[in-house]
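Okay, so the sequence shown: first residue is 18 according to my numbering, each after it adds one.
Built from N, CA and C at the ideal position, the CB exists for glycine as well.
Computed from a prediction, not measured in an experiment: that's the story for all the values here.
Report on the following structure.
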Amino acid sequence: MKSKGSHLGEFEELILLAVASLLDDAYGVSVMKYIASETKRNANISAIHEGLKRLERKGLLKSRVGGATQMRGGRSKRFFELTETGKSTLEEVMNLKLQLYRKVPNFNLNWSK
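Structure follows, in structure tokens:
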């Protein structure tokens, strides 16, 4: 059983899914834009950065600093990727939700929509 500190909230799950989907282009702004475009939910960049840091502290993400660019005023981007623990955590969350959805009477799990 996981400890309270390892619990994955909905927002954290969205961030992990965004990082997994963006592959090598997962950094704060790209994660924010991905979540907005895919979920129609807007999150401010501070919340995204805090979520990324929290997930890294939990060992679900790892980061690396990219090169500085003139376009960013000489600042570099911090890129994120899932760790093996992050991948397995997403799989566990998905499997748990599917298990629970399958127990709902008359609920159609039609993924082709």
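Cα-Cα separation between residue i and residue j, rounded to whole angstroms
i	j	result
Ile62	Ala37	18 angstroms
Ser20	Lys50	Note that Ser20 scores a pLDDT of 46, beneath 50, so its modelled location is shaky and nothing firm can be said.
Ser47	Lys114	27 angstroms
Asn125	Tyr118	9 angstroms
Arg92	Ala35	23 angstroms
Gln116	Asn123	14 angstroms
Lys104	Tyr44	18 angstroms
Ser80	Glu55	23 angstroms
Gly83	Thr102	23 angstroms
Asp42	Lys94	10 angstroms
Leu99	Val121	31 angstroms
Ile65	Leu40	17 angstroms
Asn127	Glu67	34 angstroms
CB of residue i within 8 angstroms of CB of residue j, strictly
i	j	result
Phe97	Leu69	yes
For residue i, the residue or residues it bridges with in DSSP
i	result
Phe96	Arg81
Cβ neighbours of residue i in the same chain (closer than 7 angstroms, five flanking residues each side left out)
i	result
Asp25	Here residue 25 turns out to be Leu, not Asp, going by the sequence shown. Same-chain partners within the cutoff: Thr106, Val110.
Proximal residues to residue i (C-beta, below 8 angstroms), its chain only, five neighbours per side dropped
i	result
Ala53	Asn59, Ala60
Arg71	Glu29
Does the region 52-61 come close enough to the region 72-82 that 3 or more CB-CB pairs lie under 8 angstroms? no
*Are the region 30-50 and the region 95-112 touching, with three or more C-beta to C-beta distances below 8 angstroms?*
yes
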